[in-house]
Amino acid sequence: MAAGGLAGLLPAQTQLEYALLDADTPQEKENLVYQYLKKMDSRERDLTVPELGRDLQWLNTEGPISLHKDLCGKVVVLDFFTYCCINCLHLLPDLHALEHQYSDKDGLIIVGVHSAKFPNEKVLDNIKSAVLRYNIVHPVVNDADATLWHELEVSCWPTLVILGPRGNMLFSLVGEGHREKLVLFTSITLKFYKERGQIKDNNVGIKLYRDSLPPSPLLFPGKVTVDNSGERLVIADTGHHRILVTQKNGQILHTIGGPNSGRRDGRFSEAAFNSPQGIAVKNNVIYVADTENHLIRKIDLELEMVTTVAGIGIQGVDKEGGAKGEEQPISSPWDVVFGNSISGTQEDDVLWIAMAGTHQVWALMLEGGKLPKGSDLKKGVCLRFAGSGNEENRNNAYPHKAGFAQPSGLSLASEEPWNCLFVADSESSTVRTISLKDGAVKHLVGGERDPLNLFAFGDVDGAGINAKLQHPLGVTWDKKRKLLYVADSYNHKVKVVDPKMKNCATLAGTGEASNIIGSSFSQSTFNEPGGLCVEENGRLMYVADTNNHQIKVLDLDTKILSMALPILNPEACDVPDNLPVQKDKITNLPKLPKSAPNVQLPSLTVAPGQTIQFLLKLTLPPDSKLNEEAPNSWFITAEDNTWLLQGQCLSGEIKDVSCQTIIPFQLPRSHLSAEAILAVKACLYYCSKGSSACMMKGISFSQPLQIASTNQGSLTQVELIHTFLTN
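Under this note's numbering, the first residue of the sequence shown carries the number 2, and numbering increases by one thereafter.
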């Protein structure tokens, strides 16, 4: 039995820790650890870890693993973690480095013991998403009831426990920042037990969950923002380690970085990011919170260049700052937003940063200026603005004395009477405000009064402290309605807050983690949405629905969740977005068979710049199946109105007829006539299941357009439905 849990290790390991402080050379340190292991190994009775329950759920394995049978003869590192915790995320690079150095053939196995803080984190599917998102490649067990945590008397996240080949406890490391000790303890333990012939080189049944997943246009998008024109979206495609700039119909204009993680400045094709999150865009400049690189990056869309403006690429521990940006270490920036200094002459001369890793809000001076309760600062300086660095839910009139708990989302309301930053403070499950007049930090909704209680979460609509959230990751200000929207991530909802009355209510989502696009906000569902934004005119909201790998579009006027934004690759499009339509491109489109029916659609009144979303739903004859090897496709023509096609994606693949194909079309801003006809056509190849006969069939839909100068709304959907008949 693990008598006294980890406390049983304390006397001997404390002596070792003090001795290591006095050791001068690596050899001395190795000898000290070796002598410690001799002492621990010769104990009359091992401090052993109890067996994990056989009914627990495992990830990245072929089945359940027994600590005392399957891992007998291995040195095991148990990582007690919960996936919301920034300190746990900071530990992952240390574990990756260890896995790179030693494999199970060498006798080392790392096991993640997921011990949830939030109820949402007990759900296996949510842990699966986290395992993928953070590229965890070792076995993970869902200890939802924290059984092993309590047996060993673990007290905080993260905690590492190193076991010998008999399941005997040897070391524990609490918190982050112990890479040197972790490698030292593990390497000497492997050496010690190899010399005694107790290490086995057998393989453990590893089966990575990520290998079973289909490709997806987006992978765990963390944040989304829209430019002032409302015409371009910027998406942090976090899991693909890239930034996408798209038209509002989803057509990609720029791909920057990805698909693999890295840290590289330069042209778009060579730049690299590592799990980017927050983004801020102004004109042709984008700032990026490059979270796992611990950097702030700048993207220049005109020069097509990426540069680093803050951070040194290594996790910082400095909680004050004040150095020039590119010389200032920072820690896990999670969001960024433009703001104004109180003395500057230029607009947007400050970049506010949610510094999740140090539980603070920082500022990067884009121009010289002054911050509330601060002195004059030079251009390029990066420093702490609010937060002591202690992980707390502490409000205070003095910004440096306030405490945050993993701030993960920022939004600015510069107008009176607000003139503040809104902060999604994820680990305290609150939304807070920081005054941009005097820096005072105040509570808005969620949490509770005790600044040290970070467990006051729930899903309750209400006012102020009576409202409850669960790990909110994003906020966005609606200038038109004077309302704040919150990505209440672990409740799988979007909530709306009236900052004047401090009322918080559910706007969209049912609380269920799924992916339903319903007829209304209340029937639609999300899965851990991480970010959101509202276009300048207040009509559309875009939500980064992270675990559904989508950007969802909500119409705030009609209260309809209209679609998941289709992401269209430029290489799949026949027309460059900055060139007139080329005749040879049109002639390359497929020709429909003469027997193809032509469906006349009712006339549609639209406005310049408006997006039409064609929803194509085709049904094959009974006992037929699509020939997936053939070029099944849709395409758009406009014989006498080729000006309509400028900058459009003219064709695309039809991969599956069991679900509808979304075809976006955005009308040009300038129109050459008030009437036009657009044709949407489809060409399918399908085979009869009972014979070898294969058919090519086509369908054409003619859509007359009346182009009005008045605004008709930003999005219109048109259903294109057809059933092919048996010959």
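Don't be surprised by glycine CBs; every beta carbon is placed ideally from N, CA and C. If you're wondering where the values come from, they're calculated on a predicted model, not measured in any experiment.
Counting only beta-carbon separations shorter than 9 Å, does residue i have a partner in chain D?
i: D546; result: Among the protein chains of the structure shown there is no chain D, as only one such chain exists.
Can you list, in chain order, the residues of its chain whose CB lies under 8 Å from that of residue i, leaving out five sequence neighbours each side?
i: Q661; result: L616, L617 and K618
i: H295; result: G312, I313, G314, I315, Q316, G317, P330, I331, S332, S333, P334 and G358
i: N88; result: W158, P159, G176 and E177
i: G64; result: G206
i: V424; result: A355, V362, F405, P408, G410, L411, V432, R433, T434, I435 and V476
i: S173; result: L7, L10, Q14, T160, L161, V162 and I163
Quick one: is residue i buried, meaning 16 or more other Cβ sit within 10 Å of its Cβ, or exposed?
i: Y19; result: exposed
i: M356; result: buried
i: C157; result: exposed
i: T247; result: buried
i: V600; result: exposed
i: N579; result: Model confidence at N579 stands at a pLDDT of 34, short of 50, so the residue's coordinates are unreliable and nothing is read from them.
i: E321; result: exposed
i: E271; result: exposed
i: K682; result: buried
i: R44; result: exposed
i: Q551; result: buried
i: E572; result: Any reading at E572 must be qualified, since the residue scores a pLDDT of 45, below 50, and its modelled position is unreliable; no value is offered.
i: C85; result: buried
i: H91; result: buried
i: H101; result: exposed
i: G54; result: exposed
i: M542; result: buried
i: E196; result: exposed
i: S625; result: buried
i: A98; result: exposed
i: K182; result: buried
Under 6 Å Cβ to Cβ from residue i, same chain only, skipping five residues before and after it: list those, please.
i: G323; result: L384
i: K481; result: G539
i: P609; result: L668, R670 and H672
i: L38; result: F193
i: E392; result: H360 and A406
i: I587; result: With a pLDDT of 45 at I587, under the threshold of 50, the modelled position of that residue is not reliable, and no figure is offered here.
Can you list, in chain order, the residues of its chain whose CB lies under 7 Å from that of residue i, leaving out five sequence neighbours each side?
i: D202; result: K106 and G108
i: G421; result: In the sequence as presented, Gly is not what sits at residue 421; that position holds Cys. Excluding sequence neighbours, C421 sits near A414, T434, I435, S436 and L437.
i: L11; result: none
i: S490; result: H472, P473, L474, E529, P530 and G531
i: A468; result: V446, G447, V461, D462 and C505
i: L33; result: L17, A20, L21 and A24
i: P622; result: F725, L726 and T727
i: L168; result: Reading the sequence as shown, one finds Gly at residue 168 and not Leu. Contacts found: T49, V50, L68 and H69.
Going by alpha carbons, who is nearest to residue i out of the options?
i: Y103; options: I613, S332, T187 and G375; result: T187
i: Q524; options: G531, S515 and Y399; result: S515
i: E676; options: N275, R265, C157 and T643; result: T643
i: D146; options: Q58, R233 and A24; result: Q58
i: A639; options: N628, Q471 and L651; result: L651
i: S430; options: G410, E416, A441 and P418; result: G410
i: H139; options: T62, C86, R180 and H69; result: T62
i: K75; options: L60, M170, H115 and K30; result: M170
i: H401; options: D439, G198, T612 and G370; result: D439
i: N341; options: E327, K698 and L365; result: L365
Which residue or residues does DSSP assign as beta-bridge partners of residue i?
i: H255; result: V246
i: A364; result: W353 and L384
i: D238; result: R243
i: Q718; result: Q614
i: N599; result: S701
i: I678; result: P705
i: D291; result: L296
i: M696; result: Y687
i: W59; result: V142
i: A272; result: Looking at the DSSP assignment, A272 forms no beta bridge with any residue, so it has no partner.
i: S625; result: S689
i: P334; result: M356
i: L555; result: M542 and L562
i: F82; result: H115
Regarding residue i and the ligand SAM, is the C-beta to nearest heavy atom distance less than 8 Å?
i: D657; result: Judged by which ligands are present, the structure shown has none, so any question about the ligand SAM falls away.
- request: Taking only runs that begin and end inside the region 470-551, name each unbroken alpha helix (DSSP H) of 4 or more residues, in chain order.
  value: none
query: Whole alpha helix (DSSP H) runs in the region 86-134 with 4 or more residues, listed along the chain?
result: 87-102 and 125-134
message: Quick check for students: name the residue ranges of the beta strand (DSSP E) that lie wholly in the region 125-210, counting only runs of 3 or more.
response: 141-143, 160-164 and 170-175
- prompt: Unbroken beta strand (DSSP E) runs of length 3 or more, entirely within the region 398-451: which are they?
  reply: 408-414, 421-426, 431-436 and 442-447
- request: Within the region 4-62, note down every full alpha helix (DSSP H) run reaching 4 residues or more, in order along the chain.
  value: 11-23 and 27-42
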